[in-house]
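Numbering (the working numbering), first residue to last: 19 to 437. Encoded as structure tokens, the structure appears first; notes follow it.
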């Protein structure tokens, strides 16, 4: 069934005239890890109770479809037996993403339960104070450096990611966890740190990964939490765009594979919960119309803070949420320069104001030390970025990170088998 309360809550979660506000206190991705714990123990906070059915489940399985926003669910549901089954026999709730609506923040959250304000890992590119440089936390490299794990030796991953994981908490309660990740991600420096307490298994294709997952559930080791991360929808949408033939084909193939998985899942003995969700949706953008600030307004470079080796601290965020680290006495001047230039294309907000208004969830010093001063939030179809050939370009046809409806609305699909 469709959870009408969630639809209404998210519909009314507006900000400015073009954007959505994250609902950290209710229908938000940030509450999924606590919901997983509650499904095993019956204790703790969670999503609103209309999103799931209470029980002490033998297993909970979470399928994390990167980039599969609510708009994709609406587009494909009529031709997808899997989605129709989840809607008719389960509960389909609409949630908001966290802000920024970015994979780095949401993957960190799903492993820890921490929102961006708590983890400080709020975007793909963030400022790291101990290095005085902008880095990419997930590939564990300097921003613009395309070599994964190139920060090994420069900084201890525990400095960047010192948090207790969800899997360690579950382990203390006698619940074993298995994390399925693509072979190119499993075993990375970030992944090993973020999945402490779980068994991590690499997979080469969605169907083989789900087959492995089913085999573990069939073994009957109880209680058991299994989660599988699938990045292909996000990847193809970035490269080919929303509605392109390759993108639609990837989504259809994914849903077809999930249909087969669900049929086998239904045959499991015992009580089991299945969750299907996403970190964000996608907004269309056009590489031909991306505004590169340092090319359009070269004088703005002198307003930026500089870090180690006298490097300007850019770019933090993404082309859908560009965070500017500015010299304290240049913040107002920069805002006055950018406001008329970006009129009709983007809004500019003080990061401090967004923190005070709860856009990052509860805020700790980890975020305050890493976040910029101004954030540029482009409207639908727009993108604003920084250009350095070979390092920072913009070739995507769809992206996320901002606050538009398309980026911020995500599904939370719940299905269960009960004894």
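For glycine and all other residues, C-beta sits at the position ideal for the given N, C-alpha and C.
* Those runs of the alpha helix (DSSP H) which lie wholly inside the stretch 82–135 and span at least 4 residues -> 88–94, 99–107, 121–130
* Based on the DSSP output, what are the partners of residue 339 in its beta bridges? -> 336
* Spatially closest choice to residue 423 from 264, 173, 398, 435, by CA coordinates -> 398
* Would DSSP call residue 432 helix, strand or coil? -> strand
* Asked: Quick one: what does DSSP say residue 319 is sitting in, helix, strand or coil?
  -> helix
* Asked: When the Cβ atoms of the stretch 133–140 are set against those of the stretch 110–120, are three or more pairs found closer than 8 Å?
  -> yes
* Following the continuous alpha helix (DSSP H) through residue 365, name the residue where it begins and the one where it ends. => It is not in any alpha helix (DSSP H) - residue 365 instead sits in the beta strand (DSSP E) that spans 364–368.
* Asked: If residue 390 sits next to residue 334, beta carbons under 8 Å apart, how far is it from one beta carbon to the other, in whole angstroms?
  -> 5 Å
* Tell me, to the nearest whole angstrom, how far the beta carbon of residue 392 is from that of residue 355; I am working on the premise that it is less than 8 Å. => In fact, because the Cβ distance is near 11 Å, the residues do not count as touching under 8 Å.
* Compare the beta carbon distance of residue 27 and residue 38 with 7 Å and say whether it is the shorter of the two. => no
* If we call anything under 7 Å between Cβ atoms a contact, is residue 425 one with residue 418? -> yes
* **Beta-bridge pairing of residue 143 - partner residues as DSSP gives them** => 335
* Could you give the DSSP three-state label for residue 28: helix, strand or coil? => helix
* With 16 as the cutoff for other CB atoms within 10 Å, does residue 197 come out buried or exposed? -> buried
* Helix, strand or coil at residue 242 according to DSSP, with G and I counted as helix -> strand
* To do: Output the boundary residues of the alpha helix (DSSP H) element that contains residue 52.
  => 50–59
* **Element boundaries [beta strand (DSSP E), containing residue 394]** => 392–396
* May I have the straight-line CA-CA distance separating residue 416 from residue 301, to the nearest angstrom? => 5 Å
* To do: With distances taken Cα to Cα, identify the nearest neighbour of residue 406 among 157, 66, 161.
  => 161
* Asked: Residues bridged to residue 194 by DSSP?
  -> 242
* **Sequence-distant residues of the same chain with beta carbon closer than 8 Å to residue 351, five excluded per side** => 321
* From what residue to what residue does the beta strand (DSSP E) around residue 220 run? -> 217–221
* Where residue 166 falls: helix, strand or coil (DSSP) -> coil
* **Nearest-angstrom Cα separation, counted from residue 193 out to residue 364** => 46 Å
* **Inter-residue spacing [alpha-carbon to alpha-carbon] between residue 183 and residue 215** => 7 Å
* Rounded straight-line distance, which links the Cα of residue 111 to that of residue 22 -> 8 Å
* Asked: Helix, strand or coil: which one does DSSP assign to residue 298?
  -> coil
* Asked: Can you name the start and end residues of the beta strand (DSSP E) that residue 151 belongs to?
  -> 151–154
* Asked: When we look at the beta-carbon of residue 412 and count the other beta-carbons within 10 Å, is it buried (16 or more) or exposed?
  -> buried
* Asked: On the three-pair Cβ rule with 8 Å, is the stretch 137–157 touching the stretch 90–106?
  -> no
* Alpha carbon to alpha carbon, how far is residue 165 from residue 338? -> 23 Å
* Tell me whether the beta-carbon of residue 232 lies closer than 7 Å to the beta-carbon of residue 282. => yes
* Asked: Within this structure, are the beta carbons of residue 522 and residue 255 separated by less than 7 Å?
  -> In the structure as shown, the chain begins at 19 and stops at 437. Residue 522 is therefore absent and cannot be evaluated.
* **Closest residue to residue 403 among 340, 346, 409, 360 (Cα-Cα distance)** => 340
* **Status (buried if at least 16 other CB within 10 Å, exposed otherwise) for residue 10** => Past the edges of the chain, shown from 19 to 437, lies residue 10, and the structure says nothing about it.
* Grouping DSSP H, G and I as helix and E and B as strand, with all else coil, what is residue 303? -> coil
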